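Peer 1:
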Amino acid sequence: MATRNNGKLKEIKNYLKDYSIVLKCLTDYPQIPEIKEIGETFYDNAFLKAKTVSRWTNLPTLADDSGLEIDYLGGKPGVYSSRWGKTDQERIKKVIQALQNTKEEERKAHFVCVMSLVTLEGGTFTTEGICTGKITLLPKGQSGFGYDPIFIPDGYNLTFSQLGPDIKNNISHRAMALRKMVRIIIDYYQLK
Numbered sequence: 073m074a075t076r077n078n079g080k081l082k083e084i085k086n087y088l089k090d091y092s093i094v095l096k097c098l099t100d101y102p103q104i105p106e107i108k109e110i111g112e113t114f115y116d117n118a119f120l121k122a123k124t125v126s127r128w129t130n131l132p133t134l135a136d137d138s139g140l141e142i143d144y145l146g147g148k149p150g151v152y153s154s155r156w157g158k159t160d161q162e163r164i165k166k167v168i169q170a171l172q173n174t175k176e177e178e179r180k181a182h183f184v185c186v187m188s189l190v191t192l193e194g195g196t197f198t199t200e201g202i203c204t205g206k207i208t209l210l211p212k213g214q215s216g217f218g219y220d221p222i223f224i225p226d227g228y229n230l231t232f233s234q235l236g237p238d239i240k241n242n243i244s245h246r247a248m249a250l251r252k253m254v255r256i257i258i259d260y261y262q263l264k
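Okay, so the sequence shown: first residue is 73 according to this note's numbering, each after it adds one.
1) Could you name the residues of the same chain whose beta carbon sits closer than 6 angstroms to that of residue 137, not counting the 5 residues immediately before and after it, in chain order?
2) Give the DSSP bridge partners of residue 168, in chain order.
3) Do residue 224 and residue 236 count as a contact pair if the criterion is CB distance below 9 angstroms?
4) Identify, in the order they occur along the chain, each residue of the same chain with its Cβ nearer than 7 angstroms to the Cβ of residue 217, setting aside the five sequence neighbours on each side.
5) My guess is that residue 207 and residue 247 are in contact by the Cβ rule of under 8 angstroms, so how many angstroms apart are they, rounded?
6) Could you check which residue in 192, 257, 255, 210 has the C-alpha nearest to that of residue 234?
7) Which whole-angstrom value is the C-beta distance of residue 125 and residue 104, which I expect to be below 8 angstroms?
8) Does residue 95 pass the burial test, meaning 16 or more other C-beta atoms within 10 Å, or should it be called exposed?
9) I believe residue 122 touches residue 192 by the beta-carbon criterion, under 8 angstroms. Please report the beta-carbon distance rounded to the nearest angstrom.
10) Answer with buried or exposed for residue 142, where buried requires no fewer than 16 other C-beta atoms within 10 angstroms of its C-beta.
11) For the alpha helix (DSSP H) that residue 247 lies in, which residues bound it at each end?
12) How would you label residue 220, buried or exposed, when you count the other beta carbons within 10 angstroms and need 16 or more for buried?
13) Going by alpha carbons, who is nearest to residue 222 out of 120, 162, 257, 261?
14) Let me know the secondary structure DSSP gives residue 107 once reduced to three states.
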């Protein structure tokens with residue numbers, strides 16, 4: 073898995089616990105340098121990370137790129153979600169400030185996750201997951217990471233942070249993309 077993000081890794085490992093898939097991450101390969109997310113789309117960044125890490129490790133590699141797109145902000149922060157500030161708190165504060173004078177119905181947003189798998193044979197598989205919802209201006213909850221304390225998914229009255237990992241890992245953008253990718257991996261590698 074082409075990530076050093078512990079929150080993301082924990083989510084994915086939790087989802088894969090019932091499958092015979094061994095997951096290693098970039099912390100297992102400290103010699104691999106930081107991969108700059110220079111793509112203009114989530115797909116570009118996910119593919120770049122998967123391809124780069126696969127070349128370094130000579131292993132099939134799964135990578136994702138994900139982010140929050142807020143309608144009122146024209147899709148921002150989008151592919152820059154993790155770089156919209158130095159810390160989760162800074163990023164959340166920036167979103168809240170940008171939406172400070174908006175009505176609730178103007179704060180529609182969605183999380184996007186694109187996963188890319190690069191195989192040793194040079195094949196590439198890509199999946200996408202989208203979770204729609206809205207932004208709350210009052211951060212709530214302790215679990216999760218990133219924008220979880222301010223994102224309320226459709227059909228719920230609680231933020232991702234308040235819902236906790238069991239529910240979030242079932243309904244999130246990453247869960248949707250990962251569900252599709254697991255089916256591809258099982259079929260491609262003929263796993264049971």
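The C-beta atom is built at its ideal place from N, Cα and C for all residues, glycine as well.
Just so you know, these numbers come straight off a predicted model, no measurement behind them.
Peer 2: Taking the structure as given:
1) 114, 117, 118, 186
2) In DSSP, residue 168 forms no bridge with anything.
3) no
4) 79, 160
5) Incorrect: roughly 20 angstroms between the Cβ atoms, too far for contact.
6) 210
7) 6 angstroms
8) exposed
9) Residue 122 to residue 192, Cβ: 12 angstroms. No contact.
10) buried
11) 245-261
12) buried
13) 162
14) coil
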